[in-house]
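To start, the structure under review is shown below, and the notes come after it.
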Amino acid sequence: MSKKSVEESQADAVARRAKGEFVRGVSGFRSVLGEDADFPAEPGRYHLFVALNCPWCHRVTLARNVLGLQASITLDVAFPSRTTEGDPIEPNRWEFNPMRIASLTGTTLPECTFETATGQNFRLAKQIYEAEGSGEASVPILYDKKTKRIVANESAEIIRMLNAQARALGSTIADDLRPNLYPAGDENADLRRNIDTLNDQIYVGINNGAYKAGFSSDQAVYEAAFEKYFDTLGALEKRLAIDGRLFLTGDSFKEADLRLFPTLYRHDPVYYVRMKLNGARILDYPNLWRWLCRVYALPSVADSNSLVHCRQGYFGRSWNNVVPLGPFHPMPYPEAYAHPELAS
Ligand SMILES: N[C@@H](CCC(=O)N[C@@H](CS)C(=O)NCC(=O)O)C(=O)O
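Residue numbering for the sequence shown follows the working numbering, beginning at 1 and increasing consecutively.
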């Protein structure tokens with residue numbers, strides 16, 4: 001697999017966290033499906049563990065859907081709020097429990113599942129790692145149901161594997177109709193460099209930047225992340241305005257678009273309030289708004305996620321279990337994403 005993904009520097013992580021900076025950890029499972037002999041590309045063999053409020057999981061559910069792998073790769077969905085203080089195993093962990101009630105709706109959430117791939121019916125994602133002697137606990141997880149082993153837990157690499165192995169994994173979309181998120185071959189070297197450069201800019205400024213702003217408890221760290229977030233949005237708005245291109249690198253949907261979408265999809269209905277990113281709405285960026293609606297309209301993108309899970313997950317625990325209802329002007333979300341004309 002080509003260039004490894006950009007990740008948060010772990011330099012002085014302990015001191016930075018103590019100072020109030022949110023510092024994301026590094027994923028430990030980095031095998032490559034289709035390249036490593038242990039994990040050959042076979043239809044029906046692999047499984048994904050996700051939480052729908054997690055933007056990194058949203059990358060892999062998006063890739064699974066747009067590449068036509070919904071039948072080939074099975075999926076388990078954790079409850080959007082982690083385990084509570086009194087949990088018999090451990091608080092603050094991802095849980096596969098479809099019986100839990102969401103405070104936002106007062107009901108169970110139909111997308112949630114039990115853990116169905118290991119044969120152990122584990123309740124916590126952490127237990128899947130423990131079974132392999134690992135102390136990690138994050139989602140997404142790409143899992144091999146045949147050898148009962150974790151393949152990978154880095155979303156940036158999982159989406160690249162699924163793209164490279166889509167045909168061998170049994171994609172239901174014909175080769176000439178299936179998006180190619182990260183085209184191989186010398187003739188596409190410039191395009192890949194473009195995508196990599198955008199990925200780095202978007203990861204630092206937007207994807208992880210949103211967490212740096214919303215989860216840091218240091219005003220200076222927050223303000224720096226806030227500035228960088230809106231500077232990067234401004235640069236992307238200009239990029240799309242240059243020549244009226246449909247997507248970030250031209251007229252076809254690519255990996256850079258896929259990695260930007262989860263954060264912008266969450267901005268107006270969640271991050272504007274939850275991450276204190278209230279400088280502007282995406283609705284205030286006409287080209288970015290039309291791009292967001294364009295991606296949302298692509299086949300199987302809308303059902304790759306749920307704003308109910310996002311709202312429950314981001315607000316439930318840390319906001320006294322009271323989830324804000326807005327915004328509903330100019331119209332509620334995600335319905336607004338079907339209306340590119342809203343941005344004038
Ligand atoms: N670099 C990883 C990051 C994954 C990640 O941080 N996931 C969060 C959820 S949004 C998580 O599970 N964190 C650990 C935990 O909550 O226990 C990736 O992109 O896959």
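Even for Gly, the Cβ is constructed at its ideal location relative to N, Cα and C.
Skipping 5 residues on each side, what residues in its chain have a beta carbon closer than 7 angstroms to that of residue i?
i, result
"R16", "V23"
"P91", "T83, T84 and E85"
"Q70", "R64"
"R290", "P340 and A343"
"M99", "T108"
"G326", "none"
"Y222", "A213, S216 and K276"
"V139", "F49, V50, A51, C54, C57, A78, W94 and A125"
"S300", "N65 and V66"
"V14", "none"
"P43", "S72, L169 and G170"
"F39", "S31, L33, D144 and V151"
"A41", "L33, G34, Q165, A168 and L169"
By the DSSP assignment, the alpha helix (DSSP H) with residue i in it spans what residues?
i, result
"P59", "One detail in the question is off: residue 59 reads as Arg in this sequence, not Pro. Taken as a continuous stretch (DSSP letters only), the alpha helix (DSSP H) holding R59 covers P55 to V66."
"L307", "L307 to F315"
"V221", "Q219 to D243"
"V14", "A13 to A18"
"F49", "That residue, F49, is in no alpha helix (DSSP H); its beta strand (DSSP E) goes Y46 to V50."
"V323", "Note, V323: premise wrong, no alpha helix (DSSP H); not H, not E."
"L260", "E255 to R266"
"Q127", "A125 to E130"
"K212", "G209 to F215"
"Q201", "A189 to I202"
"M161", "S155 to A164"
"V295", "P286 to Y296"
Which residue comes first and which comes last in the beta strand (DSSP E) that contains residue i?
i, result
"R149", "R149 to A152"
"I141", "I141 to D144"
"T74", "T74 to V77"
Since residue i and residue j should fall inside the 8 angstroms C-beta cutoff, what is the C-beta to C-beta distance between them, to a whole number of angstroms?
i, j, result
"S103", "G316", "6 angstroms"
"G214", "K228", "In fact, because the Cβ distance is near 13 angstroms, the residues do not count as touching under 8 angstroms."
"L264", "I282", "5 angstroms"
"H329", "N53", "Between N53 and H329 the Cβ distance is about 23 angstroms, and since that is not below 8 angstroms, they are no contact."
"A166", "L67", "5 angstroms"
"N305", "T147", "About 29 angstroms; that fails the 8 angstroms criterion."
"Y182", "R193", "Actually they do not touch by this definition, with Cβ atoms about 11 angstroms apart."
"S72", "L177", "In fact, because the Cβ distance is near 16 angstroms, the residues do not count as touching under 8 angstroms."
I'd like to check one pair, residue j with residue i: are the Cβ atoms closer than 8 angstroms?
i, j, result
"L236", "L288", "yes"
"R350", "N207", "Nothing about residue 350 can be read from this structure; the chain reaches only from 1 to 344."
"A256", "I173", "no"
"P179", "F253", "yes"
"Y296", "Y337", "yes"
"A125", "I141", "yes"
Note down, in chain order, each residue of its chain lying with its Cβ closer than 8 angstroms to the Cβ of residue i, except the 5 sequence neighbours on either side.
i, result
"Y143", "Y46, H47, L48, F49, A117, T118, I128, R149, I150 and V151"
"F122", "F96, E115, I128 and A131"
"R294", "L246, F247 and P340"
"G313", "A51, L52, N53, C54, P80 and S81"
"G20", "S216, S217, D218 and V221"
"G28", "S134, E136 and N153"
"A280", "F230 and L233"
"D303", "N65"
Below 6 angstroms CB to CB, which residues in the same chain sit around residue i once its five sequence neighbours on both sides are set aside?
i, result
"K212", "F22 and A225"
"V323", "L104, R311 and F315"
"L75", "L48"
"N321", "S103"
Report yes or no: do three or more beta-carbon pairs, one from the segment 25-44 and one from the segment 154-170, lie closer than 8 angstroms?
yes
Is it the case that the segment 265-282 contacts the segment 325-335, given that we only count it when at least three CB pairs across the two stretches are under 8 angstroms?
yes
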